[in-house]
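Per the numbering used here: the sequence shown = residues 120 to 727.
Just below is one structure, and these are the notes that go with it.
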Amino acid sequence: MCGICGVIGHRPATPLVFEALRRLEYRGYDSAGIATLDNAKHITRCRAAGKLDNLENALKETPLEGSIAIGHTRWATHGLPTTNNAHPHQVGKVAIVHNGIIENFASLKKELESLGRHFTTETDSEVIAHLLDLYLREENDPQKAAFRTLKRLEGAYALAMIFEDYDNLLIGARHGAPLAIGYGEGEMFLGSDSLALAPLSCQITYLEDGDWCVLTREAVQIFDFDGQKVERPIQTASFSSGSIGKDGYKHFMEKELHEHPVAIGQTLQRIIDPVTRRITLPSPPFDPASLPRITITACGSAYYAGLVGRYWLESIAKLPVESDVASELRYRDVPQPNQGMALLISQSGETADTLGVLRSLKAQNQHIVSILNVEHSTMGRESDVVLGMVAGPEISVASTKAFTAQLSVIAALTITLARLRGTIDDKREAELTSHLLDLPSKVVDVLSHIDSIKSMARVISQARDVLFLGRGSCMPIAQEGALKLKEITYIHAEAYPAGELKHGPISLIDQTVPVVAIAPSNILFDKMISNLQEAKARGGRILAFTDEAGASRLEAIADEMVILPTVDAFVAPILYAVPVQYLAYEVALLKGTDVDQPRNLAKSVTVE
Ligand code: G6P
C-alpha cells in the first residue's frame with residue numbers, strides 16, 4: 120500500500136528519497152513520484168506510472184535538484200494508476216504526498232470547486248493540496264495552514280508537505296496510517312516505516328494518531344491534534360540497512376521461504392527457556408483459568424494462522440474460540456464476554472481492519488493480545504500484551520515465513536494457556552514443546568527436497584482452477600495454499616474442507632481441475648482418503664502432501680505426491696505450510712508472473 124518519505128538535509132535529496140522508495144516497494148504500488156524544493160526555492164516534480172524503474176528513467180530526463188524532497192509510492196484507491204494521478208500533488212506553492220483515504224474528499228472537493236478551484240486528478244488526495252494552498256494564502260504561515268488543513272480531513276492519512284520559498288521546512292502528519300521521524304546530523308527524515316529510513320537513520324520516533332510534526336534541518340517539533348506541543352520517545356530501530364537484500368536468491372519470496380527454519384527457530388528460542396525447556400510468555404493481565412473466551416481475528420494469511428490456532432486452543436487448552444476476518448468482525452455485533460481475550464495476529468501491525476477491531480474490542484473491555492512481527496507498530500503500542508515473532512523483515516508481498524512464525528507463537532500460547540488452565544500435565548507439555556523444537560530441522564529437510572514440489576507445480580501451472588482440500592487443523596493450510604496460488608500465479612483456487620466436497624465442489628471436478636490434498640496421516644486420514652476416492656472416481660487428478668505412512672495408502676489414488684517428514688499432528692500445520700507455499704512459488708516461476716509484487720496487491724493494507 121502507499122508509502123511516503125521525506126528528507127530535509129544538506130545533500131542532494133532525490134537519491135535519498137529514491138532509495139527510501141525502493142525500500143517501500145515491498146508494500147505494493149503502481150506508480151511513484153518525487154518533488155523537491157530546488158535551489159531557487161521552487162517545487163519541481165517527477166512522477167511515473169508503473170514501477171520505480173520508470174521513475175528512475177523519468178528522473179534522468181527531469182533531474183530534481185535540492186536538499187528537501189518528498190516521495191511516494193502509490194497503490195491506487197481513487198483514480199487509475201496513471202502518471203497524472205501519481206503523487207506528489209502540487210497546488211500553487213505547496214506539494215504533498217499522502218498514504219490513506221480521505222473519506223470526506225467528495226464534500227471537500229465540492230466546497231473547493233465552489234471557490235473556483237480546478238482539480239486536475241481523480242484522486243482523493245488532491246483536496247489536501249488545495250486546502251493547504253488555500254490556507255497558506257490566508258495565513259501566510261505554513262504551520263498554521265497545515266494545522267487548519269488537518270482539522271478538515273476525515274479518514275486516514277500519513278502526510279508529508281513542502282512549501283515554496285520555505286527552504287528549511289518539512290511538515291508531516293499521521294492519522295490512521297503510520298509515519299516515523301528519523302533523526303540525522305543536520306538532517307531529518309520522514310518515512311512510512313523504519314525500513315524505509317534504515318540507511319538514513321536508526322534513531323526513530325513513531326508518531327501517534329493525530330500527531331503532526333514540523334521538521335527543520337536542526338530540530339523536530341511534534342504537536343497533537345489540538346496543536347499542543349508533545350514529546351514522543353526516540354527509539355533505536357532494529358532493522359539494519361543491509362537486511363533487505365535477496366542474498367543470491369532470485370526473489371524475496373524464495374529467500375523468505377528458505378528463512379522458514381530460522382524464523383521458527385528464532386521465534387521459539389526467544390520464548391523457550393533453554394534450561395527448563397519450558398515456554399515463558401509475558402504474564403497475562405488476567406487469570407487464564409477463568410478466561411471465558413478468546414476472539415481471534417486478522418486478515419489474509421495471518422487469519423489462516425489464527426484459524427489453526429482456533430483448533431489448537433479448543434482442543435488443547437479447552438477454550439471456546441470465536442474467529443472471523445477483521446473486516447467482517449469489525450462490523451458484526453458480537454456480544455463480548457466480560458474480561459474476554461482478543462488475539463490479533465499481524466505481520467506488519469498496521470493492517471487497518473485488524474487495528475479497527477483492536478480498538479473496538481478494547482472499548483468492550485477485552486484484553487488485547489497481539490502477535491506481531493513489527494513490535495513497535497501501531498498495534499504493538501495499543502495492545503495489552505505483545506507476543507513478538509522473530510521473522511525479520513518480510514519483503515515479498517505474499518507472506519511466507521511470518522506465517523510459520525505466527526503459528527509458532529500461537530502454538531506456544533496454546534501450550535502456556537493449557538498449562539495455566541490445567542488441561543495438560545507436565546509430561547504432555549514437555550511432549551508438545553519438544554515437537555515444536557524439532558520443527559526447524561524438519562523444515563530444513565522439506566526445503567532441501569523440492570523436486571516433487573516442482574513436479575506438482577508443472578501440473579498446476581496448466582490448470583485454470585484448482586481445489587485445495589484439508590481437514591481439521593490442516594484445513595487452514597489448504598486455505599493458505601489456495602490464497603498463495605491465487606495471489607502470485609493468478610490461477611483461480613478454492614479451499615474446501617474435504618468432507619464438504621460432496622456438498623458442492625465435487626460438481627467442478629474433472630481432468631482439468633487438480634485436487635490438492637493436505638493429508639498428513641492423522642486421526643482424520645481415513646476420512647480424507649474416502650473424500651479423495653470420491654474425487655478420483657469423478658476423473659479428478661489428485662496431488663497430495665503427505666508423510667511416509669500416508670504415501671503408502673495414497674499410492675493408488677494420487678497422481679503426484681510430496682512426501683514430508685513424519686511429525687506429530689500438533690505441529691503438522693506448521694510443517695505443511697512450507698511446501699504448500701513453495702508450490703505457489705514454483706507455479707509462479709513457470710507462469711512468469713511478478714512473484715514479489717503481484718498485480719493489484721499490497722503488503723501492508725493501511726486502508727479499509
Ligand atoms: C496483505 C498481504 C498479506 C498479509 C495480509 C495481512 O493482504 O498481502 O500477505 O497476510 O495483508 O497483513 P498483516 O501485516 O496484518 O499480517
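For glycine and all other residues, C-beta sits at the position ideal for the given N, C-alpha and C.
Set against 7 Å, the gap from the CB of S409 to the closest heavy atom of the ligand G6P is not smaller. For I353, the secondary structure class from DSSP, reduced to helix, strand or coil, is coil. Apart from the 5 residues on each side of it in sequence, E373 sits with its Cβ closer than 7 Å to the Cβ of Y704 in its chain, given in chain order. Three or more Cβ pairs closer than 8 Å define a contact, and the segment 180-198 falls short of that threshold against the segment 258-269. For Y422, the enclosing alpha helix (DSSP H) starts and ends at 419-434.
DSSP, read as helix, strand or coil, puts L183 in coil. By DSSP's assignment, T414 forms a beta bridge with E441, A461. At a cut-off of 3 residues, the continuous stretches assigned as beta strand (DSSP E) that sit fully inside the segment 465-508 are 486-491, 504-507.
Judged by DSSP in its simplified three-state form, D284 adopts coil rather than helix or strand. In terms of side-chain proximity, the C-beta atom of S518 is found nearer than 7 Å to a non-hydrogen atom of the ligand G6P.
Distance from the CA of E232 to the CA of V444, rounded to the nearest whole angstrom, comes to 39 Å. With distances taken between CA atoms, L477 lies nearest to I415 out of A530, I415, P454, Y423.
Annotation: the segment 647-689 contains the following complete segments of the beta strand (DSSP E) (minimum length 3 residues), in chain order: 661-666, 679-683. Between the segment 622-638 and the segment 582-595, the count of C-beta pairs closer than 8 Å reaches three or more; the two stretches touch. The segment 268-278 makes no contact with the segment 316-325: fewer than 3 CB pairs, one atom from each, lie closer than 8 Å. Remark: the shortest separation between the CB of Q262 and any heavy atom of the ligand G6P does not fall under 7 Å. Remark: the C-beta of T473 is in contact range of the ligand G6P, defined as less than 7 Å to any heavy atom. By alpha-carbon distance to G511, the top candidate from H379, L566, G600 is H379.
Under the three-state reduction of DSSP, F587 is assigned to strand.
C332 has its CB no nearer than 7 Å to any heavy atom of the ligand G6P. When DSSP states are grouped into helix, strand and coil, S244 belongs to the coil group. For L480, the Cβ stays outside the 7 Å cut-off from all heavy atoms of the ligand G6P.
In this structure, the beta-carbon distance from L227 to R271 falls below 8 Å. The ligand G6P never approaches C593 closely enough for any of its heavy atoms to be under 7 Å from the residue's Cβ. Contact between I383 and V562 is confirmed by a C-beta separation of about 6 Å, below the 8 Å threshold.
Annotation: S150 is outside any alpha helix (DSSP H); the continuous beta strand (DSSP E) that includes it extends over 150-156. Per DSSP, H370 is not a residue of any beta strand (DSSP E), being assigned neither H nor E. The beta carbon of L556 lies closer than 8 Å to those of L387, I391, R396 in the same chain, with the five residues before and after it left out.
Nearest Cα to N203 within the set L480, T631, F238, V724: F238. The bridge partners DSSP lists for L309 are G125, I300. Annotation for L234: no alpha helix (DSSP H) segment contains it, and DSSP assigns it neither H nor E. If you check the CB distance, R540 and K437 come in under 8 Å. Residues H554 of the same chain have their beta carbon placed closer than 6 Å to that of D687, with the five preceding and five following residues left out of the count.
Sorting I648, I610, T631 by C-alpha distance to the C-alpha of L620 places I648 at the top. A straight-line Cα-Cα distance of about 14 Å links S571 and S580. Judged by DSSP in its simplified three-state form, R166 adopts strand.
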